[in-house]
Structure formats: structure tokens, C-alpha cells
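Asker: Before I ask anything, here is the structure I am working with.
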Amino acid sequence: MAEPHDHSHSQQDPIDIWHVRGHFATRVGFILAAVGSAVGLGNIWKFPYIMGENGGAAFLLVYLVCIAFLGLPVMLVEFVIGRAGQTSAVGSFRKLSTGTFPWWLNGLLGVFTGFLILSFYSTVAGWILFYMLHAIRGGFAEFATDEATAGAFFGNWIAGGTEPVVYQFLVMLMTGFIIYFGIEKGIERAAKLLMPLLFLMLGGLLINSLLSDGAMEGLKFMFRPDFGNLSYKAVLDALGHSFFTLSVGMGAMITYASYVNKDVHLGKTGLAVAGLDTLIALLAGITIFPIVFAYGVEPGSGPGLLFVTLPEVFARMPLGSFLGAVFFFLVFIAALTSAISILEPVVTWMVDDLNINRHIAAFVAASTVFLIGIPATLSVTSDSPLGSVLIPFPGGSLGFFDLFDKLTSVFLLPLGGLISCLFMVFAWKRASAMAELAGSTGNAGHILVAVWYRIAAFVAPLGIATILIYSVFGLVNKP
Ligand code: TRP
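This is the structure we're talking about:
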């Protein structure tokens, strides 16, 4: 295992950049941090609910295709750009391009996107934190008696105003705190220890769901496709989510890869990250849908799906308060490692490009997200204090929460990913991109490396561009 401060292990780098910027001490550290970024609320909260809204199995198939042909290839593009650049996303684009085209603007777009994502992500992470505390206090018990209680409780609480904002504040406080103390200590340790625990716990809950009355119906919903009711909106949601769930399209993976050693095979790492991410999303789905059908919850009930299904299960379980608290704690940690990865590119940009002290940057960035996030938290339902403020958007007006969500997932992330692909094709040599993917110890001539390059250079840009056009013209909500 290479020690971070051992000179003999970083021979390939004459200017010892690692010591200046800090880096992942081990290869495993990078993989776990990337997984920590990818696995989060996107898998456990968002994936089940958008699959529910879009009718199940047919959506799932489109989603898997999007992961394989759009999300994963673009993730590898980001890895390659980051490790080659070894600085912030903005700086990497600037450093790696020779012409006059302002590719670095894509890095700046990512910083903007990051602010918007985290401002609603922190809302939901706050809900998770509240549910964890509610479980500790034994609050789930009342859900066991009457199915409707869980839904009403959740609806009232999120519409309440002040309390959700306080929890959101706590989330941003913790996120800022970890970033304040630097990349290794914060991100690596948290990810290394707790992700496997979350995995085990989901496995246990999944078995419990498969033993419930709704098991057959839940599995049919997820795995028996009916392409008849697949809408354009479903395709767009699947595309957007394949970016969101892999943390791709805003430079988060560029930033993480800028901290990694040359001997890591980025292709293999990306496959592992995307594979694990997909696995966790599927586990969450297979856990939630049987419960949806067992307790008669509406599959398309939206962002509340996780919060009205699982508490009912914990309410009926022996040791339910304890297990519920542990589960929401682990989901919270998953959300936190993702939140860190959304804020980190912003902070890295402030440190590397604006020469701002890391501590000040962490504080400023976290505070700004919190401020932009308040309107998101106050606009979740139509009963919320800002619930009636609607902003025009292609396909229909949206409140702040939905606006930040839709604008980033179906528009800004695919756009950012598209530009990164174009950057690789136009501003860079094919051979250097392929060599960077394989790393100093891998085989750049491998057929899969060549396949990746072609997908990232042709298939993904065309696919994303087509779908984006639908998104921009609001065609997606038309039948
Ligand atoms: N992928 C994370 C999740 O599924 C969210 C996330 C973290 C993210 N970093 C990101 C989304 C960067 C988009 C861009 O919860």
C-alpha cells in the first residue's frame, strides 16, 4: 500500500503534485469515494419513485440501456479528463485544450449545476435525517395501525416549513464541515466504513420484502415490461437519471479523478462503480415495490415513496425502531458522501482557480447552497409556504424544488456530459484519451477501450443531443 507521503511511490511525476493538493492514499480509496459519490439518494430515494411514476419494467430497461451507453461512457470521459488535467474541472478543460475554444466554460457550467443539485439534494437529505431521529424516538410505531397515517405524516411534515429548513441546515453544516477538513480524512474514511453496511442492510430488507404479500406483484411491476405505455417523458427521465445516479455531467468525477494515481485503470474502475450503483438501485427497487403492493401504496406517488413505504415495514418489525434508525442513518451517510462530491468540485474550483483558502471556500460554498436551498425546501408540495410560486419550464410550470431537480437532471447534466464528450473528440487526440483510460499499467489497445472511445465519441453525443432537443422543446410531456 502506497503511503501518501512516500516519495518512492510517485516516480512518474517530476513535480510532485500529490503533496501539494492531497490525493487518495490507495486505489481502493478512489474506488470507494467514487462509489460513495454515485450511491446516494439517487439510488434509494429517486430511482424507485421515478420508476414508479414511469410504469416500472419498461422504464427500467430504458434506464439500463442509458447507463450502459450514455452514463457509463460519459463517466469514463470525466475520469480521463480529470486524471489528465490533475486540477479542478475548469482548470482541466483549460489545461488540456490547445485551441481558443472556451471549453473551460463547461467546468463553470458544472459548478453552477452543482449549486442547483445540492440545493434540493440537501432538502431530501434533511428529510432522511429527520426520519432517522423519528425512528430513534419510536415514532414509526403509529404507522403500523393505519396505512394512511404514514402518507399523511410525511405530507404534513415536509409542507411544514421551518423544521425541514432546520434539517437542511444541519445537512449543509455537516457537508461543509467534512470538506473543510480536506479530502482524505473526510471522504475516504466515511465511504470505506459505512457503504458495505448499507449494502448488507438493504439485502436484509430485500429478503423481508420478498417474503411479503406484495412480492409477486412487485417483481412483475419491475421486471415484466409493457412497452405500450412507455412515454417520451419516461425516456427523458431515464436519461437524466442515468447521469444523476452516476454523478456524471457536472465535473464531480473529473474532480475526483484529478486526485488519482496514474497506475489505476479508469475503465475498470468505472465499470465497478456503475455496476455497484446499478445493483444498489435494483436492490432498493426490489425492496420497495413489494411493499408498495402489499400495503396498497400508489406506485406513482412521487418523492414520498421511500418515506411512506419503509417506515410501515419497520413499524411492524421486531426491533423496528432500532433497525429503522440504523437504516436511515446509513442512507444518510450515503447521501452525505454524495453531497460531499457535489460540493467538492465547487470548492476545488475556488481553491485551484480562484486561489481561495480551502477553509473559506468550504464555508462560502456550503452557505450559498443552503441559501439557494431554502426556496427548494419551502416549495415541495402545493401546501408548502412557497408551493404556489411556479416558474415556467418546457412542458409546464414548476415550483423551485421540481425546477432544480428537472433543470439539472434532464437538461444541465446531459448538456455538461455532451460537451465533455465533444471536448474529448475535438480538443484531444484519440490515442491519448485511450491511454489515459487504461492508465500506466493497463492495455490501451484493448478492444473494450476502443469500443468505449467510439461510444463516447459518437453514440453518446448523438443520443444525448436527440433527447435534449425533445427536452428543450418540451416535447416530452406530449403523448
Ligand atoms: N449520484 C448521487 C446519487 O445518486 C448524487 C450525486 C452526487 C450527483 N454527485 C453528483 C448527481 C454529481 C449529479 C452530479 O445520489
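Remember, my numbering sits 65 above the position in the sequence shown when you count from 1.
Cβ atoms here follow ideal geometry from the backbone N, Cα and C, with glycine treated the same way.
No experiment lies behind these values; they were computed from the predicted model shown.
Taking the alpha-carbon of F523 as reference, which of L502, A503, G482 has the nearest alpha-carbon?
Answerer: Your numbering for residue 523 matches position 458 in the sequence shown. The shortest C-alpha separation from F523 is found at G482.
Asker: Kindly confirm or deny that the region 211-230 and the region 467-475 touch, where touching means at least three C-beta pairs closer than 8 Å.
Answerer: Flag = no, the region 211-230 and the region 467-475 do not touch.
Asker: Following a CB-centred definition, is M315 positioned closer than 7 Å to any heavy atom of the ligand TRP?
Answerer: As a position in the sequence shown, residue 315 is number 250, starting the count at 1. For the ligand TRP, at least one heavy atom lies less than 7 Å from the Cβ of M315.
Asker: Name the one or two DSSP bridge partners that I456 has.
Answerer: Working through the sequence shown from its first residue, we reach residue 456 at position 391. Partner(s): L463.
Asker: What do you reckon, is the C-beta of S52 under 7 Å from a heavy atom of the ligand TRP?
Answerer: Nothing about residue 52 can be read from this structure; the chain reaches only from 66 to 544.
Asker: Rounded to whole angstroms, how far is the Cβ of S184 from the Cβ of V236, which I believe are closer than 8 Å?
Answerer: To locate residue 184, count along the sequence shown from 1; it is residue 119. To locate residue 236, count along the sequence shown from 1; it is residue 171. The Cβ separation is near 11 Å, so there is no contact.
Asker: Using 8 Å as the threshold, is the C-beta distance between G175 and A154 below it?
Answerer: In the sequence shown, counting from the first residue as 1, residue 175 sits at position 110. In the sequence shown, counting from the first residue as 1, residue 154 sits at position 89. Cβ atoms of G175 and A154: closer than 8 Å.
Asker: Quick check on M260: buried or exposed, where buried means 16 or more other Cβ atoms within 10 Å of its Cβ?
Answerer: Residue mapping note: residue 260 aligns to position 195 of the sequence shown, counting from 1. When all chains shown are included, M260 counts as buried.
Asker: Could you tell me if the beta carbon of I182 falls within a distance shorter than 7 Å of some heavy atom in the ligand TRP?
Answerer: In the sequence shown, the residue the question calls residue 182 occupies position 117. Yes, the ligand TRP has a heavy atom inside 7 Å of this Cβ.
Asker: Rounded to whole angstroms, what is the Cα-Cα separation between A99 and V378?
Answerer: Start at 1 with the first residue of the sequence shown, and residue 99 comes out as number 34. Start at 1 with the first residue of the sequence shown, and residue 378 comes out as number 313. So the alpha carbons of these two residues sit roughly 31 Å apart.
Asker: Check this for me: beta carbons of F458 and L468, under 8 Å apart or not?
Answerer: Reading the sequence shown from its first residue, position 393 is the one you call residue 458. Reading the sequence shown from its first residue, position 403 is the one you call residue 468. Yes, Cβ-Cβ distance for F458 and L468 is below 8 Å.
Asker: In this structure, does DSSP put E501 in helix, strand or coil?
Answerer: Position 436 of the sequence shown holds residue 501. It is helical.
Asker: Tell me whether P229 is buried or exposed, calling it buried when 16 or more other Cβ atoms sit within 10 Å of its Cβ.
Answerer: Against the sequence shown, residue 229 aligns to sequence position 164. That one is buried.
Asker: Under three-state DSSP, which class holds Q151?
Answerer: As a position in the sequence shown, residue 151 is number 86, starting the count at 1. Of the three classes helix, strand and coil, the one that applies to Q151 here is coil, per DSSP.
Asker: Is L311 near the ligand TRP, going by C-beta to nearest heavy atom under 7 Å?
Answerer: As a working mapping, residue 311 is identified with position 246 in the sequence shown. Checking the Cβ of L311 against the ligand TRP gives yes.
Asker: Going by C-alpha distance, which of G105, G367, G117, F354 is nearest D278?
Answerer: Mapped onto the sequence shown, residue 278 falls at position 213. Ranking G105, G367, G117, F354 by Cα distance to D278 puts F354 first.
Asker: Just the Cα atoms here: how many angstroms apart are A123 and L141?
Answerer: Along the sequence shown, one-based indexing puts residue 123 at 58. Along the sequence shown, one-based indexing puts residue 141 at 76. If you take the alpha carbons of A123 and L141, they lie about 26 Å apart.
Asker: Could you tell me the boundaries of the alpha helix (DSSP H) in which H511 lies?
Answerer: The residue you call residue 511 lines up with position 446 of the sequence shown. Unbroken run through H511: none, as it is neither H nor E.
Asker: I'd like to confirm something about A380: is its beta-carbon nearer than 7 Å to some heavy atom of the ligand TRP, or not?
Answerer: By 1-based counting over the sequence shown, the position of residue 380 is 315. The answer is no for A380.
Asker: Is any non-hydrogen atom of the ligand TRP found closer than 7 Å to the C-beta of A103, if you look at the structure I gave you?
Answerer: If you number the sequence shown from 1, residue 103 lands on position 38. Checking every heavy atom of the ligand TRP against the Cβ of A103, one is found closer than 7 Å.
Asker: Should L478 be listed as close to the ligand TRP, given that the test is whether its C-beta is under 7 Å from any heavy atom?
Answerer: By 1-based counting over the sequence shown, the position of residue 478 is 413. L478: yes, Cβ under 7 Å from the ligand TRP.
Asker: Check for me: the alpha helix (DSSP H) holding W192 runs from which residue to which?
Answerer: Counted from its first residue, the sequence shown places residue 192 at position 127. It spans 169-201 - the alpha helix (DSSP H) in which W192 sits, taken as one unbroken run.
Asker: Got a sec, what are the start and stop residues for the alpha helix (DSSP H) P364 sits in?
Answerer: Residue numbering aside, residue 364 sits at position 299 when the sequence shown is read from its first letter. First-last for P364: undefined, no H or E at that position.
Asker: Pick out whichever of F195, Y114, G156, V93 has its Cα sitting closest to the Cα of I319.
Answerer: Here residue 319 refers to the residue found at position 254 when the sequence shown is read from its first residue. Comparing Cα positions, the closest option is G156.
Asker: Could you tell me if the beta carbon of L161 falls within a distance shorter than 7 Å of some heavy atom in the ligand TRP?
Answerer: Locating residue 161 in the sequence shown gives position 96, counting from the first residue. Result no, Cβ not under 7 Å from the ligand TRP.
Asker: Taking only runs that begin and end inside the region 401-483, name each unbroken alpha helix (DSSP H) of 4 or more residues, in chain order.
Answerer: 423-442, 465-471, all fully within the region 401-483.
Asker: By alpha-carbon positions, which one of V373, L533, G369 ends up nearest to A359?
Answerer: By 1-based counting over the sequence shown, the position of residue 359 is 294. Of the listed residues, the one whose Cα sits closest to A359 is V373.
Asker: Just the Cα atoms here: how many angstroms apart are A213 and G269?
Answerer: Residue numbering aside, residue 213 sits at position 148 when the sequence shown is read from its first letter. Residue numbering aside, residue 269 sits at position 204 when the sequence shown is read from its first letter. Approximately 25 Å, taken between the alpha carbons.
Asker: Would V516 be called buried (16 or more neighbouring beta carbons within 10 Å of its own) or exposed?
Answerer: Against the sequence shown, residue 516 aligns to sequence position 451. By the neighbour-count rule (16 or more Cβ atoms within 10 Å), V516 is not buried but exposed.
Asker: If we count Cβ pairs, one from each stretch, closer than 8 Å, do we get three or more for the region 194-204 versus the region 421-437?
Answerer: No: the two stretches stay apart, fewer than three of their Cβ pairs being nearer than 8 Å.
Asker: Excluding the five sequence neighbours on either side, which residues of its own chain have a C-beta within less than 7 Å of the C-beta of A525, listed in chain order?
Answerer: Position 460 of the sequence shown, counted from the start, is the residue given in the question as residue 525. F134, L135, P138, V139, C486, listed in sequence order.
Asker: Can you tell me the Cα-Cα spacing of D81 and L419, whole angstroms?
Answerer: Sequence index remark: in the sequence shown, residue 81 carries index 16 (1-based). Sequence index remark: in the sequence shown, residue 419 carries index 354 (1-based). With a pLDDT of 37 at D81, under the threshold of 50, the modelled position of this residue cannot be trusted, and the question is left open.
Asker: Inspect the CB distances between the region 158-167 and the region 301-312 and report whether three or more fall short of 8 Å.
Answerer: Taking 8 Å as the limit for Cβ pairs, the verdict is that the region 301-312 does not touch the region 158-167.
Asker: What residue does the alpha helix (DSSP H) around L221 start on, and which one ends it?
Answerer: Within the sequence shown, residue 221 is the residue found at index 156, counting from 1. For clarity, residue 221 is Asn in the given sequence; the question names Leu instead. Per DSSP, N221 belongs to the alpha helix (DSSP H) from 212-224.
Asker: Taking DSSP as the reference, what is the three-state secondary structure of E249?
Answerer: Working through the sequence shown from its first residue, we reach residue 249 at position 184. Residue confidence is low: E249 scores 46 on pLDDT, short of 50, so the model does not pin down where it sits. No coordinate-derived value is stated.
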